[in-house]
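S.K.: Protein sequences, first through last, are from chains A and B. FYI, the numbering for the first sequence is 286 to 420, going by the working numbering. FYI, the numbering for the second sequence is 16 to 520, going by the working numbering. Every residue, glycine too, gets a C-beta built ideally from N, C-alpha and C. Note that the structure is a prediction, hence the values are computed from the model and not measured. Sending over a structure as structure tokens; questions will come in a sec.
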Amino acid sequence: MSARILIIEDEALVAMELKFALLDLGYQVVGLAADAPTALDLVRESEVDLALVDIHLSDGPTGIELGRELGQERGITVLFMTANPGMVRDGVAGAVGVLPKPTDDYAIQSAVEYALQRRKGEPTLYAPPELQVFN
Amino acid sequence: MIDASTSKWTEADRLKALRATGILDTDREPAFDDIVELAASLCETPVAVVNLIDAERQWFKAEVGLGVRETPLETSFCRHALLEADRLVVPDAREDARFACNPLVTAEGGFRFYAGVLLKSGDGAPLGTLCVLDVVPRPEGLTPVQLRALEVMANQVMTLLDLRRGLARERAGNARFDALADSMPQMVWSTRADGFHDYFNARWHEFTGTTPGSTDGAGWSDLFHPEDRERAWEVWRESLATGEPYEIEYRLRRHDGLYRWTLGRATAIRDDEGEIVRWFGTCTDIDDLKQIERGKELVSQELSHRIKNIFAVVSALVALSARQHPEAKAFSQSLRTRINALARAHEFVRPHTEISAPSVGTMTLHAFLEAMFRPYTGVQGAPRVLLSGDDAVFDDQAATSVALLFHEMATNAAKYGALSEPDGWVTLETRKADDRFILVWREHGGPPVTGQPTRVGFGTTLSTLSVEGQLGGRLERLWLAEGLVVKADLPATALSRRRAALKTA
Chain A
286 MSARILIIED EALVAMELKF ALLDLGYQVV GLAADAPTAL DLVRESEVDL ALVDIHLSDG
346 PTGIELGREL GQERGITVLF MTANPGMVRD GVAGAVGVLP KPTDDYAIQS AVEYALQRRK
406 GEPTLYAPPE LQVFN
Chain B
16 MIDASTSKWT EADRLKALRA TGILDTDREP AFDDIVELAA SLCETPVAVV NLIDAERQWF
76 KAEVGLGVRE TPLETSFCRH ALLEADRLVV PDAREDARFA CNPLVTAEGG FRFYAGVLLK
136 SGDGAPLGTL CVLDVVPRPE GLTPVQLRAL EVMANQVMTL LDLRRGLARE RAGNARFDAL
196 ADSMPQMVWS TRADGFHDYF NARWHEFTGT TPGSTDGAGW SDLFHPEDRE RAWEVWRESL
256 ATGEPYEIEY RLRRHDGLYR WTLGRATAIR DDEGEIVRWF GTCTDIDDLK QIERGKELVS
316 QELSHRIKNI FAVVSALVAL SARQHPEAKA FSQSLRTRIN ALARAHEFVR PHTEISAPSV
376 GTMTLHAFLE AMFRPYTGVQ GAPRVLLSGD DAVFDDQAAT SVALLFHEMA TNAAKYGALS
436 EPDGWVTLET RKADDRFILV WREHGGPPVT GQPTRVGFGT TLSTLSVEGQ LGGRLERLWL
496 AEGLVVKADL PATALSRRRA ALKTA
């Protein structure tokens with residue numbers, strides 16, 4: 286079964302393109318959330334393996350706290366995707382890392398694969414170069 | 016002015032010099048009283064006077080044996096003395112034509128003997144005399160010792176007058192300083208050479224709610240925020256030790272208990288030998304400025320976030336549009352990578368303020384280039400574009416050009432050059448040379464170069480446009496057999512034009 290991915294992003298165009306790119310790669314997209322409450326509703330309703338989390342959402346810079354909660358309390362693998370990676374430069378507990386936006390399909394593919402490998406506990410030799418991995 | 020060499024003076028000069036002493040109509044003073052007492056006893060006369068000759072009267076700063084402070088000029092002995100070079104001695108006034116008819120002489124028990132030594136201003140104008148009088152004649156006049164004593168004492172009177180004037184001037188100066196310092200919006204303070212605070216202006220006491228004297232010495236430090244005290248002492252001690260100007264920002268407690276951000280500055284005042292004699296300092300309340308700065312910071316952060324987000328939206332829009340047109344996929348991909356390069360450059364752009372700087376990490380040219388070349392790392396995760404040389408900062412005006420230039424070089428190398436071979440690599444040396452900043456891109460281990468390509472791609476046009484159009488530099492391409500070498504020679508100011516403009520302004 287392909288991985289179930291939740292997109293948390295308040296820019297509709299960015300969210301839609303990301304969704305198409307993930308579908309092209311054969312993943313399931315369980316939903317799009319533009320703010321933290323919607324995201325939490327979605328993870329309560331459906332099984333989620335990986336959440337791609339923007340930091341600035343429509344309810345403010347709530348992405349960091351949301352990512353921490355999803356990762357630490359709900360067992361979801363979290364990958365930040367933001368135009369301002371500096372905001373999580375020091376890392377966020379429970380999250381894999383951050384992929385700076387805008388990015389390209391190949392970087393998305395390798396970052397998602399890397400994150401899912403880590404989730405399954407599979408060995409990962411090298412992180413994709415674009416991905417800033419948290420320690 | 017009086018011609019000192021010839022002692023030529025006019026009555027106007029003399030009166031001006033007299034008025035300048037500021038002595039007329041002042042109270043009696045012991046220093047002058049002592050002198051006339053000493054003169055009378057040394058010369059063994061009943062009368063001695065420090066006499067100043069005004070326009071219409073003679074006025075006595077000190078006298079013994081007269082009992083009045085002034086008399087009319089008509090009966091004055093001393094006004095005749097003024098016409099002499101240094102002194103006038105009249106052994107018996109009854110036998111002197113100038114005084115024989117003087118009522119002071121003809122009166123019952125009138126004066127017979129007079130000896131006066133001139134009181135002369137620095138310019139040589141006679142202001143009056145130190146004189147002694149007796150009611151009995153003295154044919155032998157004064158003894159040489161008495162005369163000499165009278166001269167010495169006359170000099171002492173003049174010295175006293177000068178000192179008095181100096182003191183008055185200093186007092187006026189202090190009053191002017193106090194008025195100036197108290198009318199300033201800043202707090203003003205001053206210390207001795209050893210840093211002991213002994214002066215604060217009114218504004219200091221008004222701001223801090225302290226009473227004069229209570230913050231002297233080192234008492235001021237209690238008004239600093241506890242977290243700032245040690246730092247302030249350190250900077251102050253450093254200034255005291257080196258004599259370098261003192262400058263620091265700290266929080267100062269206002270009378271209402273609120274701490275306000277304050278800019279403290281001080282400079283040392285030195286004497287002719289260069290020794291520090293005093294420190295003068297100011298405290299300026301900059302709390303409002305700080306608030307505005309913080310507000311600006313927030314706006315600028317928000318703006319920066321939005322700009323970067325717009326790149327992401329545009330990039331997504333390009334990709335979404337291309338989905339409808341499979342034939343445009345290659346085009347959209349190359350456009351997106353260029354947009355992405357621009358976005359990445361803006362992440363590393365100056366100016367960021369002090370507060371935002373730590374949140375984004377190192378923002379230098381090398382840090383940006385490392386991030387930009389990260390996709391080209393080898394299979395082992397090792398970088399394939401090796402950076403060396405001088406680092407630099409760049410601003411948003413230069414970001415677009417820098418991003419496009421190196422994006423094109425890297426994608427080109429990945430397609431046709433050194434990065435198209437698994438073992439190929441690139442060195443990028445950046446070097447500051449006087450007023451130039453030079454970047455040399457050198458490809459190694461790529462496919463053999465057979466010469467300059469016949470077709471000029473758009474990427475090449477973009478690179479040239481960035482360097483020669485936008486950055487005002489020169490771009491040189493050498494198609495060497497072992498690999499392409501590209502040299503960008505920029506004015507040193509090209510990367511941070513705004514900063515350069517600020518510096519020269």
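Using three-state DSSP, classify A/E407 as helix, strand or coil.
M.R.: Correct three-state label for A/E407: coil.
S.K.: Roughly how many whole angstroms lie between the Cα atoms of A/V333 and B/M424?
M.R.: Going from the Cα of A/V333 to the Cα of B/M424 covers about 41 Å.
S.K.: Assign B/T174 to one of three DSSP states: helix, strand, or coil.
M.R.: In this structure, B/T174 counts as helix in the three-state DSSP scheme.
S.K.: Taking B/D101 and B/A32 to be in contact with their CB atoms under 8 Å, please state how far apart those CB atoms are, rounded to whole angstroms.
M.R.: The Cβ separation is near 17 Å, so there is no contact.
S.K.: Cβ-heavy atom distance between A/N369 and the ligand SAH below 8 Å?
M.R.: Looking at this structure, you won't find the ligand SAH or any other ligand, since it has none at all.
S.K.: Kindly indicate which three-state DSSP category B/Y391 falls into: helix, strand or coil?
M.R.: In the structure shown, B/Y391 sits in a helix (DSSP, three-state: H, G or I).
S.K.: When you compare the stretch 219-227 of chain B with the stretch 251-258 of chain B, are there three or more beta-carbon pairs, one atom per stretch, that lie closer than 8 Å?
M.R.: The stretch 219-227 of chain B is not in contact with the stretch 251-258 of chain B.
S.K.: For the alpha helix (DSSP H) that B/S349 lies in, which residues bound it at each end?
M.R.: Residues K344 to E362.
S.K.: What does a CB cutoff of less than 7 Å around B/E436 pick up in its chain, not counting 5 residues either side in sequence?
M.R.: Taken in chain order, the residues that qualify are G460, G461 and P462.
S.K.: First and last residue of the beta strand (DSSP E) that includes A/P356?
M.R.: It should be pointed out that residue 356 of chain A corresponds to Gly in this sequence rather than to Pro. That residue, A/G356, is in no beta strand (DSSP E); its alpha helix (DSSP H) goes G348 to E358.
S.K.: Against chain B, does A/P370 count as a neighbour if the rule is that its beta carbon must be under 9 Å from one of theirs?
M.R.: Yes, because at least one Cβ of chain B sits closer than 9 Å to the Cβ of A/P370.
S.K.: Rounded to whole angstroms, what is the Cα-Cα separation between A/D248 and B/R321?
M.R.: Missing from the structure shown is residue 248 of chain A; chain A here goes from 286 to 420 and no further.
S.K.: With a cut-off of 8 Å on the beta carbons, I'd call B/A130 and B/C116 a contact; round off their distance for me.
M.R.: That pair is no contact at about 21 Å.
S.K.: Check distances from the C-beta atoms of the stretch 427-450 of chain B to those of chain A and list, in chain order, the residues that come in under 9 Å.
M.R.: Residues passing the 9 Å Cβ filter: none.
S.K.: Can the beta-carbon of B/C58 be found less than 9 Å from the beta-carbon of B/L165?
M.R.: Yes.
S.K.: In chain order, what residues of the same chain have a beta carbon less than 7 Å from the beta carbon of B/I370, not counting five sequence neighbours either side?
M.R.: Below a pLDDT of 50, predicted positions are generally treated as unreliable, and B/I370, at 45, falls in that range; the measurement from the model is reported next regardless. Cβ neighbours of B/I370 beyond the five flanking positions: E312.
S.K.: Out of A/N420, A/V299, A/T409 and A/G371, which one is the CA nearest neighbour of A/L425?
M.R.: Limits of chain A in this structure are 286 at one end and 420 at the other, which puts residue 425 of chain A out of reach.
S.K.: Looking only at its own chain, which residues have a Cβ that is under 6 Å from the Cβ of A/G348, when we skip the five neighbours before and after it?
M.R.: Cβ neighbours of A/G348 beyond the five flanking positions: V338, D339, I340 and L342.
S.K.: Determine the closest residue to B/R489 out of B/A503, B/L480 and B/K344, with distance taken between C-alpha atoms.
M.R.: Nearest option by C-alpha distance: B/A503.
S.K.: Please give the ranges of any alpha helix (DSSP H) in the stretch 72-149 of chain B, keeping only runs that are unbroken, at least 4 residues long and fully inside the region.
M.R.: 93-96 and 118-121, all fully within the stretch 72-149 of chain B.
S.K.: So is B/Q412 in contact with chain A if we call contact Cβ pairs under 9 Å?
M.R.: No, because no Cβ of chain A sits closer than 9 Å to the Cβ of B/Q412.
S.K.: Over the uninterrupted beta strand (DSSP E) stretch that includes A/L290, give me the two end residues.
M.R.: According to the sequence displayed, residue 290 of chain A carries Ile and not Leu. Where A/I290 is concerned, the enclosing beta strand (DSSP E) stretches over R289 to I293.
S.K.: Going by CA-CA distance only, name the one from B/D438, B/W235, B/G474 and B/D231 that's closest to B/A397.
M.R.: Nearest option by C-alpha distance: B/D438.
S.K.: Looking at B/T352 and B/T465, is the spacing between their C-beta atoms short of 9 Å?
M.R.: Contact: no.
S.K.: Taking 9 Å as the cut-off, decide whether the C-beta atoms of A/L401 and A/T362 are in contact.
M.R.: Taking 9 Å as the Cβ cut-off, A/L401 and A/T362 qualify as a contacting pair.
S.K.: What are the residues in the stretch 289-301 of chain A lying within 7 Å of chain B by C-beta distance?
M.R.: Residues E296, L298, V299 and M301.
S.K.: Using beta carbons (cut-off 9 Å, strictly below), is B/H320 in contact with chain A?
M.R.: Cβ-Cβ to chain A under 9 Å: yes for B/H320.
S.K.: In chain order, which beta strand (DSSP E) runs of at least 3 residues are fully inside the stretch 153-206 of chain B?
M.R.: DSSP runs (the beta strand (DSSP E)) wholly in the stretch 153-206 of chain B: none.
S.K.: What runs of the alpha helix (DSSP H), each 4 residues or longer, lie entirely inside the stretch 484-508 of chain B?
M.R.: Here no run is fully enclosed.
S.K.: Considering only the beta carbon of each residue, do A/F419 and A/G360 sit closer than 9 Å?
M.R.: No; because the gap between Cβ atoms is not below 9 Å, this pair is not in contact.
S.K.: Hey, out of B/K323, B/Y274, B/R309 and B/D287, whose CA is closest to B/D300's CA?
M.R.: Minimum Cα distance to B/D300 is reached at B/Y274.
S.K.: Check each candidate in B/L182, B/E110 and B/S403 and name the one with the smallest Cα separation from B/I453.
M.R.: B/I453 has its Cα closest to that of B/S403, out of B/L182, B/E110 and B/S403.
S.K.: Checking 9 Å against the spacing of the C-beta atoms, do B/M387 and B/H361 come in under that value?
M.R.: Taking 9 Å as the Cβ cut-off, B/M387 and B/H361 do not qualify as a contacting pair.
S.K.: Is the stretch 74-81 of chain B touching the stretch 48-63 of chain B in the sense that three or more CB pairs, one from each, lie closer than 8 Å?
M.R.: Enough Cβ pairs lie closer than 8 Å, so yes.
S.K.: Closer than 7 Å, Cβ to any Cβ of chain B: which residues of the stretch 402-417 of chain A, in chain order?
M.R.: From the stretch 402-417 of chain A, only Y411, P414 and E415 have a Cβ closer than 7 Å to chain B.
S.K.: Please go through the same chain and pick out, in chain order, the residues whose beta-carbon is closer than 8 Å to the beta-carbon of B/F47, but skip the five residues on each side of it.
M.R.: Excluding residues within five positions, the ones whose Cβ falls inside 8 Å are V65, K76, A77, V172 and L175.
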